[in-house]
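Numbering (numbering that gives the first Met the number 0), first residue to last: 0 to 601.
The beta carbon of each residue, even a glycine, is placed where N, CA and C say it ideally should be.
This report concerns only the one structure given below.
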Amino acid sequence: MKQLFVLFILSLLFCSPLLAQNEDMQLAQQYAASGDNQKAADIYQKLYKQNNEAFYPYYINSLFTLKKFDEAEAITKKLMKKHPEQAEYIMKLAVIYEQQGNTDKATAIYDNILKNLPADNTAIVTTGMQFYQAGNNDYAIKTFQQGRKLLGNDAMFSQELLTLYRFKRDKANLTEEYLNFLPKNPGYINQAQNTLAGLYDGSADYAILKSALFKRIQKDPQQPIYADMLTWAFLQQKDFEQALNQALALNRRANNNDNSIFELCGTLVSNQAYDTAIRGYEYLVSKGKESDLYISSKVELINAKNLKVTSGKYLPADLLSLEQDYISLLTEFGKNRNTAFAMQKLANLQALKMHKYADAQKLLEEAIALPGISVQLMAHCKLDLGDIYLLNGKPWDATLLYSQVEKSMSNTDVGQDAKLRNAKLAYYTGDFVWAKGQLNVLKAATSQLIANDALNLQLLISDNTAADSAGNALKMYAHADLLIFAGEPEKALRTLDSIDKKFPNNTLNDDILMAKAKLFIGQKEYANAVTALKKIVETHPQDLWGDDAIFMLGDIYENNLNDKELAKTYYQKIITDYPGSLWLNEARKRFRVLRGDSADAS
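Written out as C-alpha cells, the structure reads:
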C-alpha cells in the first residue's frame, strides 16, 4: 500500500509540469492566432527556458514573427556549440540570415553543408529532407544530385527528385528524371503520364517531351517504355495517326504483346478516330488466325466500320456491306460463345438500321440459346431482343424479357437498365402513371446515366400531364420518340412537326426542339441543330433542357464547327448561370482547357 502511495505522489510530480506546459502551449497558440505575437513569444520563451530544446522551434518562429533576428541568432549559435554534430541548428542559422536579408551568409552555410556532405545514404536523405522542410527546395535538389555523385549512382534518389521537381513545377527536369527512371521501373508509367498531363500546359511541352523521347529511342531503340511514352504523347494531342504509327513500329520492331495495339484501337474508337482504328485492327487481323486476338480484332474491325458508317449519313449499300462482313465472320468461325457478341452487333445493325426485325430476332434467340455464353452477354442479348419485340409491335413479349433480366440481375446496372426499358415501354405505349412509378425508383440508380435518364423522363411526363391529364400531345411526342429509337429520323421529324398543329398551345415546345436537335446532330446537320438549340436557350433558358442546350452548343462549336472562342462562351455560361447543372464540372474542365490553363488547375 505504501508503494502505491509513493507511485501516486511521483506521478503527480511528473504530470503537473506537463499539464502546465500543455496549458501554456494552448494559451500561446491562442495569442498567436489573435495576433498578440509578443504575449505568445513570452510564453514560448518561458517554456524554452524550462525545457530548452523541445520548445526551440516554437520560440524561434515567434521571434521571426516579431523580427527579433539577433535574439534568434544568439539562441541558435548557443545550441550549435552545444550540439555541433546536429545540422538542424546550422540550417536554422542560415534561415535566420535569409530572414534578415543576408543571403550571402545563408548561401555560404548551405554551400558548406553540401561541401561537407558525407558519402552516406542516410546522411544525404536526412540533409535533403532538412532543406525541404526549411522550404529550400533548390538546395534539397542539389543535395540529392550531389549524393548521386558521392555514391557514384545516377539512379539513386529518383523518388525524392521527382517529388521536388513536381512541387517546383520544373517541367524540364521532371520530364528528364522520369525518362531516366522509367526504363528500370516500368510499373510507374501510369504515374508518370498522370503527373506530366497535370503539369504540361500545351503543345509546346509535349513537343519537348517528344523531342527527348526521339533522342532516347535513337540511342536505345529496343527500350519499349520510350515508344509507349511517345504513343501516349501523340494521343494527348489527339494526333491519332502518329500514335498508331508509333505503336505499330514498336510492335514490328520488338514483336511484343499485341494487346497494347488492341487497347489503343479501342481508345481510337472512343475518340471517333474510326479510320485510324480500322487500320490498327486490320494490322492485327493480318497476323493470321494463330494470333490470340484474331477473332476479337476481326469483330472490332467490323464494329469500327459500323460506327464509321452509322455515325453519319449512309447509303443502303453501306449497311449491306457491313451486314455481309458480320455474316462472313460468323460463317468463318461459326455461331458459338466466342462469336456471340458479333451476333449481338449484327442483330442491332439489322434491327435498328436495316429494319430486318425477323432476321435480328432469330439471331438473338440463337445467341441466347448458345451453351457457355456469359450471363452478362445473355442479359444484354435479352434486352436487345426485347427492344426488337417492342419495335415489331409486341410490347407484351418485350416487357416479359425486360422483367426477366430485371429479376435475374437485380441491384446491377444491367438490372436497372432493364427496369428503365420497362418504364420507357410504358411511356411509349401511353401508360404514363405506371411509367412514372418506375422512373421514381430509378432516380436513385447507382448508374448516373440511368438515374439522369429516369429523372429527365419523369419530369417530361409530369410537366406535360399537369394541364392535360390525358397527355394527348405527350402520346404523340412519345410516338416520335419511339420512331427515333427505331432509326426512323424522317418519320420522327414529321411527327414532331405535327404536334403543334394537332395540339396547339401544348407544353412540349422545348422538348420538341431538343428532340429535333439530337436528330440533326445524328445526321451531322450541325447548322440545323444549332438553330434548334439556340431557340431553347432564347425561349426556355430555365426549363428542363436549358443547360443541356447550352452545353451541347459548346460541344458542337468546339468539336464540329471549330469555333473554340464561341465554345468557350457557352461553357462559361454553364459555369456562371447554371451552378447546379450536371454539366458544370465538364463545362469547367473544357473551359479551362480552351483558355489554356494547365490540366491540374481544374
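Are the stretch 567 to 575 and the stretch 548 to 555 touching by the rule of at least three beta carbon pairs closer than 8 Å? yes
For L512, collect the residues of the same chain with a Cβ closer than 6 Å to its Cβ; drop the 5 residues on either side in sequence, then sort them by chain order. Taking the sequence shown and counting its residues from 1, the one referred to as residue 512 is at position 513. Counting only Cβ-Cβ distances below 6 Å, and skipping sequence neighbours, we find A531, K534 and I535.
Where K304 and I123 are concerned, what is the direct C-alpha to C-alpha distance, given to the nearest angstrom? If you number the sequence shown from 1, residue 304 lands on position 305. If you number the sequence shown from 1, residue 123 lands on position 124. Answer to the nearest angstrom: the Cα atoms are 58 Å apart.
I'd like the list of long-range same chain contacts for A359, defined as Cβ closer than 6 Å, with 5 residues on each side in sequence excluded. Counted from its first residue, the sequence shown places residue 359 at position 360. Same-chain partners within the cutoff: A346, Q349, A350 and I387.
If we ignore side chains and look at the alpha-carbon of each, how far apart do L173 and A107 end up? Looking up residue 173 in the sequence shown gives position 174. Looking up residue 107 in the sequence shown gives position 108. Rounded to whole angstroms, L173 to A107 spans 27 Å at the Cα level.
Straight-line CA distance for L424 to Y556? Taking the first residue of the sequence shown as 1, we reach residue 424 at position 425. Taking the first residue of the sequence shown as 1, we reach residue 556 at position 557. Whole-angstrom Cα-Cα distance: 34 Å.
Identify, in the order they occur along the chain, each residue of the same chain with its Cβ nearer than 7 Å to the Cβ of A491, setting aside the five sequence neighbours on each side. Position 492 of the sequence shown, counting from 1, holds the residue named residue 491. Cβ neighbours of A491 beyond the five flanking positions: A479, L482, I483 and L518.
Can you tell me the Cα-Cα spacing of L581 and V529, whole angstroms? The residue labelled residue 581 in the question sits at position 582 within the sequence shown. The residue labelled residue 529 in the question sits at position 530 within the sequence shown. Whole-angstrom Cα-Cα distance: 21 Å.
For D137, collect the residues of the same chain with a Cβ closer than 6 Å to its Cβ; drop the 5 residues on either side in sequence, then sort them by chain order. To locate residue 137, count along the sequence shown from 1; it is residue 138. If we look at D137 and ignore the five residues flanking it on each side, it has no Cβ neighbours.
Going by DSSP, what residue range makes up the alpha helix (DSSP H) through R251? Numbered from its first residue, the sequence shown carries residue 251 at position 252. Where R251 is concerned, the enclosing alpha helix (DSSP H) stretches over F239 to A253.
Hey, how far is the Cα of I112 from the Cα of K141? In the sequence shown, residue 112 corresponds to position 113, counting from 1. In the sequence shown, residue 141 corresponds to position 142, counting from 1. Taking the straight line joining both Cα atoms gives about 11 Å.
For S15, which of helix, strand or coil comes out of DSSP? Along the sequence shown, one-based indexing puts residue 15 at 16. Legend: pLDDT at S15 = 44, less than 50; position of this residue unreliable, value from coordinates given subsequently. S15 falls in the helix class under three-state DSSP.
For a test of the three-state rule: what should DSSP assign to I372, helix, strand or coil? Mapped onto the sequence shown, residue 372 falls at position 373. It is coil, neither helix nor strand.
Under a Cβ-count criterion, where at least 16 other Cβ atoms within 10 Å of its own Cβ denotes burial, should M128 be classed as buried or exposed? Counting from 1 along the sequence shown, the entry for residue 128 is found at position 129. Classification for M128: exposed.
How many Å lie between A397 and G385 at the Cα? Residue numbering aside, residue 397 sits at position 398 when the sequence shown is read from its first letter. Residue numbering aside, residue 385 sits at position 386 when the sequence shown is read from its first letter. Approximately 4 Å, taken between the alpha carbons.
So, under 8 Å CB-CB, E175 and S157 are touching, yes? Tell me the CB distance rounded to an integer number of Å. Position 176 of the sequence shown, counted from the first residue, corresponds to residue 175. Position 158 of the sequence shown, counted from the first residue, corresponds to residue 157. Their Cβ separation, rounded to whole angstroms, is 11 Å, which puts E175 and S157 out of contact at 8 Å.
Which residue's Cα is closest to the Cα of S285: R251, G265, D317 and A139? Residue mapping note: residue 285 aligns to position 286 of the sequence shown, counting from 1. Among R251, G265, D317 and A139, the Cα nearest to that of S285 is on R251.
Distance check for L198 and A600, CA to CA, integer angstroms please. Sequence index remark: in the sequence shown, residue 600 carries index 601 (1-based). Sequence index remark: in the sequence shown, residue 198 carries index 199 (1-based). With a pLDDT of 40 at A600, under the threshold of 50, the predicted position of this residue should be treated as unreliable, though the coordinate-derived value follows. Each residue's Cα considered, the two are about 9 Å apart.
I think A417 touches Q437, with their Cβ atoms under 8 Å apart; what is that distance to the nearest whole Å? By one-based count along the sequence shown, residue 417 stands at place 418. By one-based count along the sequence shown, residue 437 stands at place 438. Not really, about 11 Å apart at Cβ, beyond 8 Å.
Secondary structure, alpha helix (DSSP H): runs of 4+ residues fully inside the stretch 130 to 182: 136 to 150, 157 to 167 and 170 to 180
Could you give the first and the last residue of the continuous alpha helix (DSSP H) run that contains H82? Sequence index remark: in the sequence shown, residue 82 carries index 83 (1-based). Run containing H82: none; DSSP gives neither H nor E here.
Quick check on K355: does DSSP put it in helix, strand or coil? Position 356 of the sequence shown, counted from the start, is the residue given in the question as residue 355. Note: K355 maps to coil in three-state DSSP.
To the nearest angstrom, report how far apart L267 and I224 are at their CA atoms. By 1-based counting over the sequence shown, the position of residue 267 is 268. By 1-based counting over the sequence shown, the position of residue 224 is 225. Distance between the alpha carbons of L267 and I224: 20 Å.
Return the chain-ordered list of same chain residues with a C-beta closer than 8 Å to the C-beta of S603, the five sequence neighbours on each side being excluded. What the structure shows of the chain is the stretch from 0 to 601, and residue 603 is not part of that stretch, so it cannot be assessed.
By the 10 Å Cβ neighbour count, where 16 or more other Cβ atoms means buried, how is H379 classified, buried or exposed? Residue 379 sits at position 380 when you count from the first residue of the sequence shown. Buried, because 16 or more other Cβ atoms sit within 10 Å of the Cβ of H379.
Taking L543 as part of the alpha helix (DSSP H), name the residues at either end of that continuous run. Residue 543 sits at position 544 when you count from the first residue of the sequence shown. Segment: none, L543 is in no alpha helix (DSSP H) and carries neither H nor E.
Excluding five sequence neighbours on each side, which residues of the same chain lie with their C-beta closer than 8 Å to the C-beta of N337? For the purposes of this step, residue 337 is identified with residue 338 of the sequence shown, where counting begins at 1. Once the five neighbours on either side are set aside, the close Cβ partners of N337 are I294.
Tell me which residue opens and which closes the alpha helix (DSSP H) that D219 is part of. Position 220 of the sequence shown holds residue 219. D219 -> no alpha helix (DSSP H), and no H or E assigned at all.
Out of I449, L389 and D510, which has the shortest C-alpha to C-alpha gap to D542? Within the sequence shown, numbered from 1, the residue matching residue 542 stands at position 543. Checked all of I449, L389 and D510; the closest Cα to D542 is D510.
Closest Cα partner of S373 within the set D383, A339 and N391: Taking the sequence shown and counting its residues from 1, the one referred to as residue 373 is at position 374. Per the Cα distances, A339.
So the alpha helix (DSSP H) R589 belongs to, where does it begin and stop? Locating residue 589 in the sequence shown gives position 590, counting from the first residue. Segment L583 to R594, the alpha helix (DSSP H) holding R589.
Quick check: the Cα distance between L161 and A226, rounded to an integer number of angstroms? Mapped onto the sequence shown, residue 161 falls at position 162. Mapped onto the sequence shown, residue 226 falls at position 227. Roughly 21 Å between the two C-alpha positions.
So for L560, helix, strand or coil by DSSP? In the sequence shown, counting from the first residue as 1, residue 560 sits at position 561. In the structure shown, L560 sits in coil (DSSP, three-state: anything other than H, G, I, E or B).
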